[in-house]
Amino acid sequence: MKSTATWIAALALVGSATWIGIAQSARLDDRALRGAWRSGQWVTYGNDLAERRFSPLDQITAANVNRLGLAWTYVAGTGGGNQEATPLVWNGTLYGITNWSIVFAVDARDGRERWRYDPQVDRAFATAGQNRGICCGVVNRGIALYGDSVIAPVIDGRLVALDAASGRRRWSTRILPEDSTGYSITMAPRIANGKAIIGVAGGEFTPHRGFFVAIDVGTGRELWRFYTVPGDPSKPFENPALAAAAKTWKGEWWKYGGGGSLWDGISYDPDTNLIYVGTGNGVPWPGILRGSEGYDNLYVSSILAVNADTGRLAWHYQAVPGDSWDIDTVQQLILADVTIAGRERKVLMQASKGGFLYVLDRVTGQFISATPFAPLNWASGHDPKTGRPVINSEAYYTTTQPAVISPAAGGAANWAAKAYSPNTAMMYVPVSGFSSRTYVAIPVDLVDGRSVQNNGTPRGNQVPPGTPPPVTPPYIGPSRDGRGGFLIAFDPATHTERWRVQGGGGAGGGVVATASNLLFQVVGDGRLRALKAEDGTVLWEVQTGQRGLGPPITYQVDGRQQISFMAGAGRTGGGGLLPMVYTFTLDARMPMPANP
Ligand code: CA
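Residues are numbered in this note's numbering as their position in the sequence shown, beginning at 1, plus a constant of 11.
See below:
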């Protein structure tokens, strides 16, 4: 850590062609976090608070991208799941997190290790019984920087602050009680006005009641907590938004938790002081088992706008009323200013697991558009005024009537990073091709308040013998012929897809956009590639031989633009290669590592 460097002045040419000088303090305060993306570092999860994953750097261009080569690698750990984390770069140091929530800091110039921090997660956490653990791998998606601390989530339910220079622990706060079952923390914390915001995952287990918290970054103290679904109505509701939400539930939902987990999307607009949060499916999955079929079940599968200081709800948009299909609405929430029908709109954009790309007014929550980008059949469209989806009646499966629903629970878009370029005014989304799953409701038994059996649907898509044939609601969206994954370019002003190229997918890697109109995309089959942002022409690619790849970042260190990402599920993941950070820059010539 260059702790003696109090001020580092960085200049960057931004789109408006004005030179903006960003004085980069040795401490990252709220003001620094807001402008830091212009400095060509990468100090927040989505590169800026709007989570656009757009970099002002332009050293690597269409003309020289074929000179890219591997500069260094760093073995991040021994694996145990995908590398889903976005690294951060600040003052010449690259910070990352790998399986079992192990945090590391390396020199961004050569990958030399500065420190590692292991929170000593009990390895039984992931495996001890089906309902104590995690649904989708021992993964973490990222960390945050604030002041001179690294704020790191621990998968077993802690949030810790580490000294960014030494890795020494400053505080540790339990978000989840030590004995909680079926909950985990997989998402990256985000900073909003001096607070770390983080939510809990686990919507695939019963019971589960989702929530997110604001933690004071200086002390680790919890400032407020927002439950995403109402609790037992015989007790006082935690806030007026939950009293309102309770009117959209029936039955004894609180015994099952209700759902509404968090595991990916949060963004922050300092102008409105609103945090935007996406929530997951209802729990158990079938609404009929919550006793709530036909009810909206607020705030499952919703986008919520919450005041950063008070934790009070400003507005909500429910993308999937009563979500019974694990659609989730948790994906990346990108904020941008876009001219739509001749009017400048402050919008929020999300490509969801359910296959719609939503554009909302982020100040008011007003619905602007929802465009299908993958073949889907749970809904037939949206009311253009209210934005409410028209859910197909055949989609409501029961204990005796199965339904085939697309996309499958893996989703049309998942955690793979999306990007928005203000240069091209397009959003870039890695999407999956056609997928489907047969749903049938299986009653959930609760013993001592916990499910002993299932989450209301058959595990592994195994429909019990004797189940009647399923119904398949009619499809909308692109052709079902397209298997595998794609990268698509979406124009929010006209809500149309501008181009689509093969390669991508909802779970794995992701994309970053640069000022030189390049896209760097990490594809789940092991490739890093560069494409033209205007039309998707593939200009360059390299195969790492890895699986379980995380989102790419680009940043400048010692005057060189670099691209880094994490990859490798490790020996337990079947891929063989250990998890590594890969870093590419122009004219570097390191050979691609085999199994180290
Ligand atoms: Ca889910």
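For each residue, glycine too, the CB sits at the ideal point set by N, CA and C.
Quick caveat, the model's predicted, so the values are computed rather than measured.
### Message
With three or more beta-carbon pairs closer than 8 angstroms as the criterion, would you say the segment 108-128 touches the segment 86-94?
### Response
yes
### Task
Flag this pair as yes or no: are the beta carbons of L105 and A119 separated by less than 8 angstroms?
Taking the sequence shown and counting its residues from 1, one reaches residue 105 at position 94. Taking the sequence shown and counting its residues from 1, one reaches residue 119 at position 108. Going by C-beta atoms, L105 is nearer than 8 angstroms to A119.
### Task
Using alpha carbons as the reference points, say which of Y407, V149 and V358 lies closest to T376.
Numbered from 1 along the sequence shown, position 365 holds the residue referred to as residue 376. Per the sequence shown, the amino acid found at residue 376 is Gly instead of Thr. Answer by Cα proximity: V358.
### Query
Is there at least one non-hydrogen atom of ligand 1 closer than 7 angstroms to the beta-carbon of D337?
Indexing the sequence shown from 1 puts residue 337 at position 326. Answer for D337: yes, Cβ within range of ligand 1.
### Task
At 3 residues or longer, and completely inside the segment 109-142: list those beta strand (DSSP E) runs for me, N to C.
113-118 and 124-128
### Residue closest to F576, alpha-carbon to alpha-carbon, out of P67, Y85 and D59
Start at 1 with the first residue of the sequence shown, and residue 576 comes out as number 565. For F576, the nearest C-alpha among the options comes from Y85.
### Query
For R185, which beta-bridge partners are listed by DSSP?
Taking the sequence shown and counting its residues from 1, one reaches residue 185 at position 174. Answer is R169, bridged to R185.
#### Entry: Assigned secondary structure, G584 (DSSP; H/G/I helix, E/B strand, else coil)
For this step, residue 584 is matched to residue 573 along the sequence shown. Legend: pLDDT at G584 = 48, less than 50; position of this residue unreliable, no value from coordinates given.
### Query
Under a three-way DSSP split, which group does P251 fall into?
Locating residue 251 in the sequence shown gives position 240, counting from the first residue. Of the three classes helix, strand and coil, the one that applies to P251 here is helix, per DSSP.
### Query
According to the Cβ coordinates, are R323 and G269 closer than 8 angstroms?
Numbered from its first residue, the sequence shown carries residue 323 at position 312. Numbered from its first residue, the sequence shown carries residue 269 at position 258. Not closer than 8 angstroms, so no.
### As assigned by DSSP and simplified to three states, the class of M603
By 1-based counting over the sequence shown, the position of residue 603 is 592. Looking at M603 - three-state DSSP - the assignment turns out to be coil, as it is neither helix nor strand.
### Query
Any heavy atom of ligand 1 closer than 7 angstroms to the Cβ of E215?
Translated into the one-based positions of the sequence shown, residue 215 becomes position 204. Yes, since a heavy atom of ligand 1 falls inside the 7 angstroms radius drawn around the Cβ of E215.
### Task
Would you kindly work out how many angstroms separate the C-alpha atoms of Q35 and A47, rounded to a whole number?
As a position in the sequence shown, residue 35 is number 24, starting the count at 1. As a position in the sequence shown, residue 47 is number 36, starting the count at 1. For Q35, the pLDDT reaches just 47, beneath the cut-off of 50, and the residue's location in the model is therefore unreliable, although a value from the coordinates is still provided. The straight-line gap from Cα to Cα measures roughly 7 angstroms.
### Task
Grab the span of the beta strand (DSSP E) containing G80 for me, first residue to last.
Reading the sequence shown from its first residue, position 69 is the one you call residue 80. Here the beta strand (DSSP E) through G80 covers L79 to V86.
### Query
With respect to 7 angstroms, is the separation between the Cβ of G271 and the closest non-hydrogen atom of ligand 3 below this value?
Of the ligands one can find in the structure shown, namely ligand 1, none is ligand 3.
### Task
May I ask you to verify whether the segment 144-156 touches the segment 179-190, counting CB pairs closer than 8 angstroms and requiring at least 3?
By the Cβ rule, the segment 144-156 does not count as touching the segment 179-190, because fewer than three pairs are nearer than 8 angstroms.
### Query
Would the beta-carbon of S417 fall within 8 angstroms of that of V401?
By one-based count along the sequence shown, residue 417 stands at place 406. By one-based count along the sequence shown, residue 401 stands at place 390. Taking C-beta atoms as the reference points, S417 and V401 fail to come closer than 8 angstroms.
### Task
Please go through the segment 550-586 and give each complete alpha helix (DSSP H) segment of 4 or more residues, from N-terminal end onward.
none
### Task
In the DSSP assignment, find the alpha helix (DSSP H) that holds G46 and state where it starts and stops.
One-based indexing of the sequence shown puts residue 46 at position 35. Here the alpha helix (DSSP H) through G46 covers D41 to G46.
### Cα-Cα separation between N58 and R538, rounded to whole angstroms
The sequence position of residue 58 within the sequence shown is 47, counting from 1. The sequence position of residue 538 within the sequence shown is 527, counting from 1. Using only the alpha carbons, I get a separation of about 22 angstroms.
### Query
Hey, would you say the C-beta of G537 is under 7 angstroms away from at least one heavy atom of ligand 1?
Numbered from 1 along the sequence shown, position 526 holds the residue referred to as residue 537. No; taking the cut-off as 7 angstroms, the Cβ of G537 has no heavy atom of ligand 1 nearer than that.
### Message
Can you tell me where the beta strand (DSSP E) holding P386 begins and where it ends?
### Response
For this step, residue 386 is matched to residue 375 along the sequence shown. Careful: P386 lies outside any beta strand (DSSP E) and carries neither H nor E.
### Task
Use the C-beta contact count for P590: other C-beta atoms within 10 angstroms, 16 or more gives buried, fewer gives exposed.
The residue labelled residue 590 in the question sits at position 579 within the sequence shown. The residue in question, P590, is buried, as its Cβ has 16 or more Cβ neighbours within 10 Å.
### Query
N292: beta carbon under 7 angstroms from a heavy atom of ligand 1?
Numbered from 1 along the sequence shown, position 281 holds the residue referred to as residue 292. The answer is yes for N292.
### Query
Straight-line CA distance for T397 to A176?
Along the sequence shown, read from residue 1 onward, the residue named residue 397 stands at position 386. Along the sequence shown, read from residue 1 onward, the residue named residue 176 stands at position 165. Near 50 angstroms, if we compare the C-alpha coordinates of A176 and T397.
#### Entry: Range covered by the beta strand (DSSP E) that runs through Y279
For the purposes of this step, residue 279 is taken as the residue at position 268 of the sequence shown. I277 to D280 is the span of the beta strand (DSSP E), which, as asked, contains Y279.
### Query
Which class does L60 belong to by DSSP, given the choice of helix, strand or coil?
Residue numbering aside, residue 60 sits at position 49 when the sequence shown is read from its first letter. Correct three-state label for L60: coil.
#### Entry: CB contact flag (T525, L156, <8 angstroms)
Position 514 of the sequence shown, counted from the start, is the residue given in the question as residue 525. Position 145 of the sequence shown, counted from the start, is the residue given in the question as residue 156. Not a contact, by the Cβ cut-off of 8 angstroms.
### Query
Nearest-angstrom Cα distance between S14 and R232?
Against the sequence shown, residue 14 aligns to sequence position 3. Against the sequence shown, residue 232 aligns to sequence position 221. Confidence in S14 is poor, its pLDDT being 34 and thus under 50, which makes the residue's placement too unreliable to answer from.
### Task
Please report the residue range of the beta strand (DSSP E) in which E233 lies.
For this step, residue 233 is matched to residue 222 along the sequence shown. First-last of the beta strand (DSSP E) with E233: E233 to Y238.
### Query
Ends of the beta strand (DSSP E) at A423?
Counting from 1 along the sequence shown, the entry for residue 423 is found at position 412. Taken as a continuous stretch (DSSP letters only), A423 belongs to no beta strand (DSSP E), as it is neither H nor E.
### Query
For T409, which residues of its own chain have a beta-carbon under 7 angstroms away from its beta-carbon, when the five flanking residues on both sides are left out?
Position 398 of the sequence shown, counting from 1, holds the residue named residue 409. Answer for T409: I299 and A452, listed in chain order.
### Query
Three or more C-beta pairs closer than 8 angstroms, one from the segment 535-554 and one from the segment 504-516: is that the case here?
yes
### Task
Check the DSSP bridge columns for M438 and list the partner residues they point to.
Within the sequence shown, the letter at position 427 stands for residue 438. Beta-bridge pairing links M438 to Y431 and F501.
### Query
Does the distance from the C-beta atom of S443 to that of A423 stay below 8 angstroms?
Indexing the sequence shown from 1 puts residue 443 at position 432. Indexing the sequence shown from 1 puts residue 423 at position 412. Yes, the Cβ-Cβ distance between S443 and A423 is below 8 angstroms.
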